[in-house]
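**Q** Just passing along the structure, written as structure tokens.
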Amino acid sequence: MQFFSGFHKRALFKLTTLLIVFCLVLGSPIPTWASGEDKCARLKLEEKETGQEEYVPGEVIVKFKETVNVAEAKKQLFLVHKALGLSEKKSMKKGVTVLKTSADVPSAVAALENDPRVEYAQPNFIYRIFTSDPLWERQWGLTNAAFGVQAAAAWKYTRGSSSIIVAVIDTGVDGSHEDLAGNLVPGYDFVNNDEDPDDDNGHGTHVAGIIAAVADNGKGIAGTAPNVKIMPLKAGDAEGTFTTASIVSAIQHAAANGARVVNMSFGSYEFDQLQFEAIRDNPGILFVVAAGNEGNNNDGKPVYPACYGLPNIISVVALSPDGRLAGFSNYGKNSVHLAAPGENIISTLPQREGAGVALAVYDENYGYKTMLWGFGAEDLALDDYVYDSVVRTMRDFFGINPGERVLVVDDDQSGTYESETYGNITLPDVSKLYIDALSTAGYVYDYHSVPNNSDGPSFDELKNYGAVIWFTGWAWGSDPPDFKIPNLTENDQENLIAYLRNGGKLFVSGSDAAYGIEESTFYKQYLKADFEAEFVDMFKGVTITGSSEPFKGAEYQFSNDYGFYIDLIRPAFQDAKIVLQHYPYISKSGTSMAAPFVSGGAALALSLKSSLKPDKIIDIITRNVTKLDSLNGLVSSGGTLNIASVLAYISNMDAPAAGGGGGGGGGGGGGALPAAEAEVPEPAADVINATGKAQTFTVLEGILRLDIPTGAMPKGAVITVQKAADVPEQAPEGAVAVSPVISIDTSAALSKPIKVSIVYDEQKLKGIDPRLLLVYRQNDDGSWTLVGGKLDRENKAVVVELSSFSKYAVFGIRKSFNDITGHWAKEDIELLAGRGIIKGKTSGNYEPNNSVTRAELAALVVRLLGLKLHHPSQPTFKDVSHNSWYYEAVETAVKNGIIKGYGDGTFRPDDTLSREQLAVILANILGIANGTAEELKFKDTDKISPWARKSVAIASNTGIMRGISDTLFAPKEAVNRAQVAAILARLGERMGTFEVMITVTGTVVWSTVEKPHWELKAEDRTYVLLPDAADKVTLALLKKYEGQRVKVSGYLDAGPNIYMRGPVLRIVKVEAAE
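Residue numbering for the sequence shown follows this note's numbering, starting at 43 and increasing by one per position.
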């Protein structure tokens, strides 16, 4: 058995202090003491900063020159420097002697340095176990003597100044973290537009810890520059993706609030002019950027912002612990400056104070004990962890000794089940983990397997055992594949309550063991737990530590598998206590982890000499790398970050000349700066000659693309395209022009629609959601009529099909309402309103809490899907007349199989729509037959009408319709206007209503670079796959098809992201490739 004990490690750090004589070998450089700088001032500064003795009082070390006789030189030295009161303490090899002195050490060193017999003199430095941070020894990036950044030696100069601020533009930072809170200054959230830049991804918190985690606080890790300040600027969302607007806003905020260094651990293959200008226009800030993680040469395939080639950008690749370029890391002899540690880097992870993953209860009233885990033994990385944790529970907490009979209840529902939603579901048999642990420890047990859709053991059976272990594995219900009944059924709960009231001891485990019973009497009153949250994947590879007995001092690690769900729980009563907490530290790999070492190093450089300019800092850092043969030809400097050498160099510098200077860092950031824009004459008309076959043309210098299908135009017909105006003279109400006015004319009528793509100017968006960019046709009077269009995010264009030609332009639409400010559905309401799908109720108001009628829903869906209106001569329903405003909408929806009437020939248009009725409509639209067996996880499943249950499962498991809470669906409740907006917005995304969807074929693989995620390996590139976390169907299919070729459909997001493995593909559909 093997397990980690954090308690013993901490005790060792507290009790041990080493005093080491600094032994010098011939040729070892001591830059500080070899300079002409005022050494006395240097020493006094160090004593003042650290508050500790940095060298042995009354001792100096002297190294004599090779040309002298050491014995004779010592005699002369003692005679000449009588005033120093010198005597020999210890003679060492290669002409080195430790001397005692009655003088103060700085004065003695200064005098002996000038003696002609002495090569150099120095204090006898004191070395200690460097910090009290318990994970210090695991921080190879700081401590590795060969390939680390040499933090210990660097900190002899400075640990940083609180006046130096490093802005971390990322996914936010956990402001309450035990190792970060003391080093944060106010930041901002540019994703949600508020002053709380909390981290809902984990990436930004990890980056911040590498830069400036608090040192010597007895907690976690130490940052590279532990005394500088972090400004958290949240520009990335929970999925780790960024927008131009959020990044540029963050840069501007950093510049306005005193940041000297900005860390940007994200990237994209798209050149972003606005981002480029934001960095260029802040030449006094050093931008430290990650080079990317796709294993590519940035010289040939540039990544941005790493390859903008600006003098205030330094680009960083990832070094592995063995001193080689990490296998995933990009590189570039001309475009990347240096390497820094970037593989298996331990740093901070968001934490939740007071919550944990295991809860223990001793109830004095009934005398029972319970242990509740928010995970299962199957989630632990090693069998040794399972053994230790099970034995601690049984022996140390329950007091059950080997030989006493224990009941093991196997409720993991293991087996393979056929599901039309998820494909085949395989639930593993995890019983062996528990049984092996008990058997190894010598326990005698009886085994009870719970069949599908059945209750577990009765009270009469339970009462015969001193302890019961009840585990659920990966099952989230007792009735797979439907999952309508919780693992712990109502009868199970009653039996367990009786067992506990009889003084029993109950151990419940499994990440979904409590699913569906979180509000029950058993969970709240007897397990005495409050459910906090369920986390997906954030805790992969995380260490959990014992906060109370029986786990005090224990450390276990979670596995790094996919589909990783962990429950966080809180005590509901005083006699309940958290006994296992996730240790808020984790190891990650990526160039995102390498960049913050350089940010920390730059912050230390500025702490030592605040007048340094960015280009000079880059020059100094790249001049003073640790040269490595493994990096020759891969980075311009040929080496990896060495902060000790950087600070030694700075400490020896003369005062900088005015303007700073500097050489630009050994090759710069890659590529020349973009040329200044020249005056471009108005383009002449482009003429296209039709051939009668399929043709594709890009005209007007890339502004317009036409895809002409076969037979759309006769051979010999001519299309003339011309820019009619740079800016429209007038615009629709609330609209912003983002393209020129384009005139398209033809000599022949179109037989088929032609697909037209118009490129928009991103700088003119002014915060408008790109999905609200629409093509308008100009009328003869100069007014505009909406045509439509879909966003092509990759090509920054809007795509529309045209059946005739005229003058066109792209406008961004702003549409909002007085009563949705701060509303949770504001973004969805504005999206649908801007696209003309949804309208207000009264003047300037949306009335989000009002209910929706069946007629209103029919109209909304018809508009969303863009269906051709149907107007039959005779009404289908006796209560829907010709002159009703909703006549065409109802008839169209019914004709397309979206909604049905009632058996009595009525439609009941004014009836309020219930949530289960809406689910049926959604299932009809999705094209999934209402009759498919699906899974449900709601407590009120029994309240869903039988005719709606399968549709509710379809709508909820695809993530389009959510419950009113994690456990309740509320099928009979009326749907309000805010809910409808959110649901239809999700439906529109699923159906490709707002954006151009792409389909890619490749192999599904699981990656752990930066953050665990799915990838698609296509022939020409890698895609980072980001499904909606609520879309259980797609998540299950990815797992099913791992290692297989599939077709994936979704939306391409080529913008910056933390993964830097390729473009992000937000997927909505996965199917096996033919």
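Even glycine gets a Cβ: it sits at the ideal position worked out from N, Cα and C. Source: prediction; values computed, not measured.
Less than 9 Å between the C-beta atoms of Ala732 and Ala759, yes or no?
**A** Yes, the pair counts as a contact, with Cβ atoms nearer than the cut-off.
**Q** Express the C-alpha separation of Asn243 and Asp231 in angstroms, rounding to a whole number.
**A** Roughly 13 Å separates the two Cα atoms.
**Q** Asp323: which of Met306, Asn340, Ala297 and Asn338 sits nearest, CA to CA?
**A** For Asp323, the nearest C-alpha among the options comes from Ala297.
**Q** Throw me the rounded Cβ distance for the Glu889 and Ser956 pair, which I believe falls under 8 Å.
**A** No, Glu889 and Ser956 are not in contact; Cβ-Cβ is about 19 Å, not under 8 Å.
**Q** What does the alpha-carbon distance come out to for the pair Val922 and Arg905?
**A** Computed Cα separation, rounded: 19 Å.
**Q** Taking DSSP's pairing of strands, which residues face Trp826 in a bridge?
**A** Partner(s): Gln820.
**Q** So is Glu1037 buried or exposed if we call it buried at 16+ other beta carbons inside 10 Å?
**A** Classification of Glu1037: buried, given that the 10 Å Cβ count is 16 or more.
**Q** To the nearest whole angstrom, what separates the beta carbons of Phe853 and Pro774, a pair I think is in contact under 8 Å?
**A** 6 Å between Cβ atoms; contact.
**Q** Alpha carbon to alpha carbon, how far is Asp657 from Ser291?
**A** One C-alpha to the other measures close to 23 Å.
**Q** Determine the closest residue to Pro158 out of Gly680, Phe106, Gly776 and Trp415, with distance taken between C-alpha atoms.
**A** Comparing Cα-Cα distances from Pro158 to each of Gly680, Phe106, Gly776 and Trp415, the minimum goes to Phe106.
**Q** Secondary structure at Ile207, three-state DSSP: helix, strand or coil?
**A** Three-state result, Ile207: strand.
**Q** List the endpoints of the continuous alpha helix (DSSP H) containing Asn506.
**A** Run containing Asn506: none; DSSP gives neither H nor E here.
**Q** Might you give, ordered along the chain, the residues of its own chain that have their beta carbon closer than 8 Å to the beta carbon of Pro917, omitting 5 neighbours on each side?
**A** Hits under 8 Å: Ser923, His924, Tyr929 and Glu933.
**Q** Where does Thr983 fall in DSSP's three states?
**A** DSSP places Thr983 in helix when its eight states are reduced to three.
**Q** In whole angstroms, give me the CA-to-CA distance for Gly552 and Gly498.
**A** When rounded, the distance between both Cα atoms is 16 Å.
**Q** Helix, strand or coil: which one does DSSP assign to Pro613?
**A** DSSP places Pro613 in strand when its eight states are reduced to three.
**Q** Measuring only the C-alpha atoms, how far is Leu126 from Glu161?
**A** If you take the alpha carbons of Leu126 and Glu161, they lie about 18 Å apart.
**Q** Could you compute how far the alpha carbon of Gly351 sits from the alpha carbon of Tyr373?
**A** Approximately 15 Å, taken between the alpha carbons.
**Q** Quick one, are the C-beta atoms of Glu1118 and Met635 less than 9 Å apart?
**A** No information on residue 1118 is available, as it lies outside the stretch 43 to 1116 that the chain covers here.
**Q** Report back the beta-carbon spacing between Asp34 and Arg447 to the nearest angstrom; my notes put them in contact at under 8 Å.
**A** The requested residue 34 is not part of the displayed model; the chain covers only 43 to 1116.
**Q** If you pair each beta-carbon of the region 554 to 572 with each one of the region 525 to 540, do three or more pairs fall below 8 Å?
**A** Flag = yes, the region 554 to 572 and the region 525 to 540 touch.
**Q** In the DSSP assignment, find the unbroken beta strand (DSSP E) run with Gly854 in it and report its ends.
**A** From DSSP, the beta strand (DSSP E) with Gly854 extends over Lys849 to Ile855.
**Q** Decide if Val962 is buried, meaning its Cβ has at least 16 other Cβ atoms within 10 Å, or exposed.
**A** Counting Cβ neighbours within 10 Å, Val962 comes out buried, since at least 16 surround it.
**Q** Could you please give me the residues that DSSP links to His490 through a beta bridge?
**A** For His490, which the question treats as bridged, DSSP gives the partners Val451.
**Q** Going straight from the alpha carbon of Ala1071 to that of His1055, what length do you get?
**A** The alpha-carbon atoms of Ala1071 and His1055 are separated by roughly 12 Å.
**Q** For the beta strand (DSSP E) that contains Glu930, what are its first and last residues?
**A** Here Glu930 belongs to no beta strand (DSSP E); instead the alpha helix (DSSP H) covers Tyr929 to Lys937.
**Q** Within the continuous beta strand (DSSP E) that includes Ala839, where are the two ends?
**A** First-last of the beta strand (DSSP E) with Ala839: Ala839 to Leu844.
**Q** Mark Asn338 as exposed unless 16 or more other C-beta atoms lie within 10 angstroms of its C-beta, in which case mark it buried.
**A** Buried, because 16 or more other Cβ atoms sit within 10 Å of the Cβ of Asn338.
**Q** Going by DSSP, what residue range makes up the beta strand (DSSP E) through Met635?
**A** Per DSSP, Met635 belongs to no beta strand (DSSP E); it is in the alpha helix (DSSP H), Thr633 to Leu650.
**Q** Put Val191 into one of helix, strand or coil per three-state DSSP.
**A** In the structure shown, Val191 sits in coil (DSSP, three-state: anything other than H, G, I, E or B).
**Q** Anyone know if the C-beta pair for Val358 and Ile327 falls short of 9 Å?
**A** Cβ atoms of Val358 and Ile327: not closer than 9 Å.
**Q** Can you tell me the Cβ-Cβ gap for Ala255 and Asp221, rounded? I've got them flagged as a contact below 8 Å.
**A** Yes, Ala255 and Asp221 are in contact; Cβ-Cβ is about 4 Å, under 8 Å.
**Q** Could you pull the start and end residues of the beta strand (DSSP E) that His219 belongs to?
**A** Counting along the chain, His219 falls outside any beta strand (DSSP E), and DSSP gives it neither H nor E.
**Q** Alpha carbons only, please: which of Val829, Met1003 and Ser288 is nearest the one belonging to Ala1027?
**A** Answer by Cα proximity: Met1003.
**Q** With H, G and I counted as helix, E and B as strand and the rest as coil, what does DSSP make of Ser129?
**A** Strand, per DSSP.
**Q** Could you check where the alpha helix (DSSP H) with Glu114 kicks off and where it finishes?
**A** Val112 to Val122 is the extent of the alpha helix (DSSP H) around Glu114.
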